[in-house]
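Engineer: In terms of the working numbering, the sequence shown has 2 at position 1, counting the first letter as 1, and numbering is strictly consecutive. All residues carry an ideal CB built from backbone N, CA and C; glycine is no exception. Below you will find the structure I want to go over with you.
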Amino acid sequence: MITEDGPAAVKSADRVLDLFELLADAGQGLTHTEIASALGIPKGSLTKLLKTLVVRGYLSFDELNRTHTLGPSVQVLSHRPAHIRQLIDTATPYLHTLTRAINESSALNRLSGNRTEVIASSTSNHRLVSHLRDGDLAPLYAVSGGKSILAHMPPEKISQYLASTTFEHVTPQTLSSADALNAELKTIRETGIAYSHEEYTPGIIGIGTYLELPPVYPLCSLNFAIPAVRMTDSLQKRAIKALKDAKANIETHIGSLELSA
């Protein structure tokens, strides 16, 4: 049996795709009336759809001519795979520099749905080591790279995430409430550094920082994964300095690439 939500959800998706295809083929802006007539969408439903897509940047609205065209977010999405590849190529040498700086494993992470995903890494040559593998996924609230990303999301996105997230006890140290996470996020925004104290992998301490990149890139972070038995105040200070240096270098490099594009 099909639920009420099923057909409605599919119908909404069809309308969005039909609208994108219509505007892409039109070669010019179309008015509300022209779109409603072409797609057979009731004007009331179309008004809500158009407003949502304009707010999200998927449509642009010309106040003078009262027309809609495809917005910048469509282009951002279409170019994102190439930008992710460019980011990985840019960041990889700096990840190797990070790992050499303190001989601990490091990673570049991106936001993937409601989780963080490793998209590039460099592994320490210690015998006791945390392996950060490309494609590894983890809850945002449990790892330093994820917390770094979450702390810098728009407030409304953070609220949505907290309202929809179930805090699973991955380890005995995993955060268990939105209040505890919110307190950490505030500190992360103030200091620029996030921590995970054995909250995802027993015996591993994560130290991370957010990458401030142009909007064509996904939300990203850098982090170290350090066995707790090797963590000292001195190593922590060196790790933070190395992360800040790598962050500055990657942001500058990516910024220069965007200016020259």
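1) List the DSSP bridge partners of residue 128.
2) Quick one: Cα of residue 142 to Cα of residue 94, how far?
3) Short check: CB of residue 117 to CB of residue 139, under 7 Å?
4) Flag this pair as yes or no: are the beta carbons of residue 77 and residue 230 separated by less than 7 Å?
5) Going by Cα to Cα distance, which pick from 14, 240, 69 and 255 is closest to residue 51?
6) Only counting the same chain, and skipping five residues up and downstream in sequence, which positions put a Cβ closer than 6 Å to that of residue 259?
7) Report the rounded CA-to-CA distance for residue 257 versus residue 220, giving the unit in angstroms.
8) To the nearest angstrom, report how far apart residue 175 and residue 145 are at their CA atoms.
9) For residue 252, collect the residues of the same chain with a Cβ closer than 8 Å to its Cβ; drop the 5 residues on either side in sequence, then sort them by chain order.
10) Among the candidates 128, 133 and 198, whose CA atom is the shortest distance from the CA of residue 1?
11) Checking 7 Å against the spacing of the C-beta atoms, do residue 181 and residue 163 come in under that value?
12) Would you mind giving the Cβ-Cβ distance between residue 208 and residue 161, rounded to the nearest angstrom? I have them listed as a contact below 8 Å.
13) Please return the same chain residues whose Cβ sits closer than 6 Å to the Cβ of residue 224, not counting the five positions on each side in sequence.
14) I'd like to know whether the C-beta atoms of residue 149 and residue 131 end up nearer to each other than 7 Å.
15) What does a CB cutoff of less than 6 Å around residue 191 pick up in its chain, not counting 5 residues either side in sequence?
16) Would the beta-carbon of residue 281 fall within 7 Å of that of residue 133?
17) Return yes when the Cβ of residue 71 is within less than 7 Å of the Cβ of residue 24, no when it is not.
18) Kindly indicate which three-state DSSP category residue 135 falls into: helix, strand or coil?
19) Suppose contacts are defined by Cβ-Cβ distances below 7 Å. Is residue 58 in contact with residue 82 by that definition?
20) Is residue 110 helix, strand or coil by DSSP?
21) Kindly indicate which three-state DSSP category residue 57 falls into: helix, strand or coil?
22) Per DSSP, what kind of secondary structure is residue 45 in: helix, strand or coil?
Structural biologist: Let me spell this out:
1) As a working mapping, residue 128 is identified with position 127 in the sequence shown. DSSP, once it has assigned bridges, lists no residue as partnering residue 128.
2) Here residue 142 refers to the residue found at position 141 of the sequence shown. Here residue 94 refers to the residue found at position 93 of the sequence shown. Using only the alpha carbons, I get a separation of about 28 Å.
3) By 1-based counting over the sequence shown, the position of residue 117 is 116. By 1-based counting over the sequence shown, the position of residue 139 is 138. In contact: residue 117 and residue 139 (Cβ atoms closer than 7 Å).
4) Within the sequence shown, numbered from 1, the residue matching residue 77 stands at position 76. Within the sequence shown, numbered from 1, the residue matching residue 230 stands at position 229. For residue 77 and residue 230, no; Cβs fall outside 7 Å.
5) Residue mapping note: residue 51 aligns to position 50 of the sequence shown, counting from 1. Cα-wise, what sits closest to residue 51 is 69.
6) As a first step, residue 259 is located in the sequence shown; it is residue number 258 there, counting from the start. Cβ within range, chain order: 215.
7) Indexing the sequence shown from 1 puts residue 257 at position 256. Indexing the sequence shown from 1 puts residue 220 at position 219. In a straight line, the C-alpha of residue 257 is about 18 Å away from that of residue 220.
8) Residue mapping note: residue 175 aligns to position 174 of the sequence shown, counting from 1. Residue mapping note: residue 145 aligns to position 144 of the sequence shown, counting from 1. Residue 175 and residue 145 have their C-alpha atoms spaced approximately 12 Å apart.
9) Translated into the one-based positions of the sequence shown, residue 252 becomes position 251. Once the five neighbours on either side are set aside, the close Cβ partners of residue 252 are 212, 213 and 214.
10) Nothing can be reported for residue 1, as the shown portion of the chain is limited to 2 through 262.
11) Taking the first residue of the sequence shown as 1, we reach residue 181 at position 180. Taking the first residue of the sequence shown as 1, we reach residue 163 at position 162. Cβ atoms of residue 181 and residue 163: not closer than 7 Å.
12) Reading the sequence shown from its first residue, position 207 is the one you call residue 208. Reading the sequence shown from its first residue, position 160 is the one you call residue 161. Wrong, their Cβ atoms sit about 27 Å apart, outside the cutoff.
13) Your numbering for residue 224 matches position 223 in the sequence shown. Counting only Cβ-Cβ distances below 6 Å, and skipping sequence neighbours, we find 108, 145, 146, 207 and 209.
14) To locate residue 149, count along the sequence shown from 1; it is residue 148. To locate residue 131, count along the sequence shown from 1; it is residue 130. The answer is no: Cβ separation not under 7 Å.
15) As a first step, residue 191 is located in the sequence shown; it is residue number 190 there, counting from the start. Around residue 191: no qualifying Cβ.
16) Only positions 2 to 262 of the chain appear in this structure, which leaves residue 281 out of reach.
17) Locating residue 24 in the sequence shown gives position 23, where the first residue counts as 1. Locating residue 71 in the sequence shown gives position 70, where the first residue counts as 1. Their beta carbons are under 7 Å apart, which means residue 24 touches residue 71 by this criterion.
18) Along the sequence shown, one-based indexing puts residue 135 at 134. If DSSP states are grouped into helix, strand and coil, residue 135 belongs with coil.
19) By 1-based counting over the sequence shown, the position of residue 58 is 57. By 1-based counting over the sequence shown, the position of residue 82 is 81. No, the pair does not count as a contact, with Cβ atoms beyond the cut-off.
20) Here residue 110 refers to the residue found at position 109 of the sequence shown. If DSSP states are grouped into helix, strand and coil, residue 110 belongs with the strands.
21) Taking the sequence shown and counting its residues from 1, one reaches residue 57 at position 56. Coil at residue 57, not helix or strand.
22) For the purposes of this step, residue 45 is taken as the residue at position 44 of the sequence shown. Of the three classes helix, strand and coil, the one that applies to residue 45 here is helix, per DSSP.
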